[in-house]
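A.B. asks: Below is the structure I would like to discuss, written out as C-alpha cells.
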Amino acid sequence: MGDAPPRGLPGSGGRSRGPRVRDRRGVAGPGGGYLSRPRPCCGERARALCGYARAARGKARGARSIGERALRRVLLLAYFFPPLGGGGCQRTLKLVRYLEPLGWCSSVVTTRNRDYWILDPSLLPEIPAGAEVIRVGGLTALGVLRLLTHAGVPVHEPQGSRRPASFRALRALQRWVFLPDGYRGWADAARRAADARIRAGGIDALWTTSSPESAHVAGLSLKRTHGVPWVADFRDPWVGRVTYRPPTPWHDARNRALERRVVREADRVTLVSEAMVALYRERYREVDPSRFIFLPNGFDSDDWRRAARAAQEEDRIAGGLREPRRFVLLHAGQLAHRPTVRTLLGAARRVLERDPGARDDLRIRFIGGNEELSARDRKRYGLGEVLELHPSQPHVEALVSMRRAGALLLLGHGGAADSLLYTGKIYEYLSSGRPVLGILDAGPGAALIRGSNAGAVIPPGDEEGAARTILEWLRDWRGGADLSTHLQEESLSVWERRNMVSDAAEILSEILPIRPH
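According to UniProt numbering, the sequence shown is numbered sequentially starting from 1.
See the structure below:
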C-alpha cells in the first residue's frame, strides 16, 4: 500500500476489586463478580452535562436531542481496563471518561484477575464516578500456564517484565488450545455478567473491544439474545494479526468463521486505521461499507499536564541530583513481534564503532515488555551499558520519560503489518515534542511521522541509514541544538482523545432505534 498520510492529519493536505469508591460492593454479580453502584448519570448532574454537550456537540451529524442523550448507557466488554496497564487500556479508559459529558454513561464488564504482565493502579482515579464497573474472573492462558508450571519453571515475573521462555510457552498455549484467544474463559464469564446486566435494564448499546477477540464472541451472543445495538471495536486485525499464526488450517478456518459472524452481525465495526477499514471492506464485500468506520487512537492533553506536574515533583525531590547528561533513545511499551529491533541494534553497533565517545553519551533504553531482547544482546552487538532494559512504568511516569528523552523509537513489525496498523503510542510520541526514529515499512505509521515532520523513517534492514540518523542527532545534541519538533497546537488537536470519543458518541447515537415522540 502507499504511504499517504491518513485523512485529516498534517501532510494530508490476587483478586482485585479496584478502588473502594468506584468498585464498592453492591449487588452480587454473576461469575463471582459484583456490580458497583455508580452515582446516577441523571438529574441535576446530567442536566449540567447536557449543557456542556449542547455547546460542544450542537452541530454533530445526526445528533439527537441532548436531553434524550443524557439518559443513555453503553455496556462495554473490555478485558484491558485499570488496574491493568499498558497501551490496550487507554482506548477504553478514555472512552469511558469522555463519553459522560456527551450524554453517555458507561457500564464496564472487565476482569478481576491480575493475569497480565502490567499493572497500573495509578489509572484508577480516571474512571468517572458515574461509571459502573463489573469485575468477573475467568481462566486465561496465562493462568493455565502458571498452574501447569507451578512446580516447574517459574513464570511469575517482576511487574512489567516478561521472560522470553515463558512468553513463548504462553503463545504456544494460546495458538493450540484456546480459540480464538487465551482469554476465552474470561469472555464466557463476561458474557454471563453482561447478560444479567442487560436483563436488569437501562442498557441502550453494547461496545466490545479487541484484543482479546473473544470479547467479540461474547458480544455476538449478547446481540443474538437481546438484539442490543452493537459496536465491535478492532484495535488490531483479527484474521491475520501479527501476534497469532494459526497452527493448523482448522484453527485458521475457525477464526475466519468467527470473525465473519461478528462483522456481519455488528451494527458498526470501528477500526484504528484507514488501511484496516479498506481491508475489511474488501474482505467483506457483502457488508454495507458504511458500517466500517475509522476510529483512531490519540493522546490526552490532560495526561501531559499530569506528567508536567510529576516531572516538577521529581526535580524538587532530586534537589539537583540527576543522572549524568546523556542522549537517550527511548522505546516505551511492549516489544513483541518486532524484528526491526535487530536493525536498531545493528545501527547502534555502527554508531559505537565510528564514535567511541558515544559509549558515554548514548543510551538506548527500553521500558516495558522486551522479550525480543535479553542481556545477551549487549554482548552480541557489543553495546555494553549503552543498552538498558527496564520494566514497565505507570503511564504518567512513562510520559515523563518520553519528554526527557533525546529521541523516541518506533519499531514496526515489518512488511504487511506496517501497511495496516501502527502502535497507539505514536500519538503520544508525536505530542511529546521529541523527534521520532521510526524503523518500519511504508504505511500509516510512517506517513504520520513524515507528514508531521516529526523525525526520520528508516526501512527495516537499513542499519546504515539508522546509524547516520543517530549520529546526526547525537552530534546536534552535543552542540546544544534544540531537537524539539515544535508541532503546532492546531496540528496536535487533531489527535486528541476527546475527538475520538466524540466520534464514538456519534456512532453510538446512529445505531440506536428512533424513539417515538
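Each residue gets a CB set at the ideal place from its N, CA and C atoms; glycine is no exception.
Report yes if the CB atom of H395 is closer than 8 Å to the CB atom of G85, and no otherwise.
C.D. replies: yes
A.B. asks: Which residues in the same chain as R191 place their Cβ atom closer than 6 Å to its Cβ, once the five residues preceding and following it in sequence are excluded?
C.D. replies: Taking C-beta separations shorter than 6 Å and ignoring five residues to either side along the sequence, the partners of R191 in its chain run A218 and S221, following chain order.
A.B. asks: Just mark S493 as buried or exposed, buried being the case when its beta carbon has 16 or more other beta carbons within 10 Å.
C.D. replies: exposed
A.B. asks: Which of helix, strand or coil does DSSP assign to Y52?
C.D. replies: Unreliable placement is indicated for Y52, whose pLDDT of 32 sits below 50; the coordinate value is still reported in the next sentence. Assignment of Y52 by DSSP, reduced to helix, strand and coil, places it in the helix class.
A.B. asks: Could you tell me which whole beta strand (DSSP E) segments of length 3 or greater appear in the stretch 229-314?
C.D. replies: 230-234, 268-271 and 292-294
A.B. asks: With G438 as the anchor, note down where its beta strand (DSSP E) starts and where it stops.
C.D. replies: Where G438 is concerned, the enclosing beta strand (DSSP E) stretches over V436 to I439.
A.B. asks: State yes or no: is the C-beta of L437 within less than 8 Å of the C-beta of I426?
C.D. replies: In this structure, L437 keeps its C-beta atom at 8 Å or more from the C-beta atom of I426.
A.B. asks: Would the stretch 87-101 and the stretch 482-496 be scored as touching if the rule is three or more Cβ pairs under 8 Å?
C.D. replies: no
A.B. asks: Which partner residues does S210 have in the DSSP bridge list?
C.D. replies: F234
A.B. asks: What whole-angstrom Cβ distance do F234 and V269 have, given they're in contact under 8 Å?
C.D. replies: 7 Å
A.B. asks: Do you know whose CA, among L362, S431, L440 and T248, lies nearest V341's CA?
C.D. replies: L440
A.B. asks: Could you give the residue range of the beta strand (DSSP E) that holds W104?
C.D. replies: Counting along the chain, the beta strand (DSSP E) containing W104 begins and ends at W104 to T111.
A.B. asks: If you follow the beta strand (DSSP E) that R135 is part of, which residue opens it and which one closes it?
C.D. replies: Taken as a continuous stretch (DSSP letters only), the beta strand (DSSP E) holding R135 covers E132 to V136.
A.B. asks: Quick check on L99: does DSSP put it in helix, strand or coil?
C.D. replies: helix
A.B. asks: According to DSSP, simplified to helix, strand and coil, what is G357?
C.D. replies: Secondary structure of G357 (DSSP, three-state): coil.
A.B. asks: For the 8 Å Cβ check, are there 3 or more pairs between the stretch 125-134 and the stretch 458-478?
C.D. replies: no
A.B. asks: My output table needs one value for A398: the three-state DSSP class, helix, strand or coil.
C.D. replies: helix
A.B. asks: Rounding to the nearest angstrom, what Cα-Cα distance links T208 and A447 in this structure?
C.D. replies: 29 Å
A.B. asks: Would you mind working out which of V108, L329 and D360 sits nearest A347, comparing C-alpha positions?
C.D. replies: L329
A.B. asks: When you compare only the Cα positions, how much space is there between R199 and L335?
C.D. replies: 41 Å
A.B. asks: Going by DSSP in three states, A205 sits in which element: helix, strand or coil?
C.D. replies: strand
A.B. asks: Do you know offhand how far E282's Cα is from G406's?
C.D. replies: 41 Å
A.B. asks: Look at W304 and D267 and say whether their C-beta atoms are less than 8 Å apart.
C.D. replies: no
A.B. asks: Counting only the same chain and skipping the five closest in sequence on each side, list residues whose C-beta sits under 7 Å from that of G333.
C.D. replies: G87, G368, T423 and K425
A.B. asks: Just the Cα atoms here: how many angstroms apart are E44 and V133?
C.D. replies: In this prediction, E44 scores a pLDDT of 33, lower than 50, which makes its location untrustworthy; no coordinate-derived value is stated.
A.B. asks: Nearest to E286 by CA position, among R264, I507 and Q393, is which residue?
C.D. replies: R264
A.B. asks: If you drop the 5 nearest sequence neighbours on each side, which residues of the same chain put their C-beta closer than 6 Å to that of H216?
C.D. replies: Cβ within range, chain order: T208, S210, A232 and V262.
A.B. asks: Can you tell me which of the three DSSP states R350 falls into?
C.D. replies: helix
A.B. asks: Straight-line CA distance for L102 to E510?
C.D. replies: 14 Å
A.B. asks: Taking all protein chains shown into account, decide if Q312 is buried (16 or more other Cβ within 10 angstroms of its Cβ) or exposed.
C.D. replies: Only exposed fits Q312, as fewer than 16 other CB atoms lie within 10 angstroms of its CB.
A.B. asks: So, helix, strand or coil for I127, using DSSP?
C.D. replies: coil
A.B. asks: In the DSSP assignment, what residue or residues form a beta bridge with E496?
C.D. replies: Under DSSP, E496 takes part in a beta bridge, and its partners are F299.
A.B. asks: Helix, strand or coil for residue 526? Go by DSSP, reduced to three states.
C.D. replies: Nothing can be reported for residue 526, as the shown portion of the chain is limited to 1 through 517.
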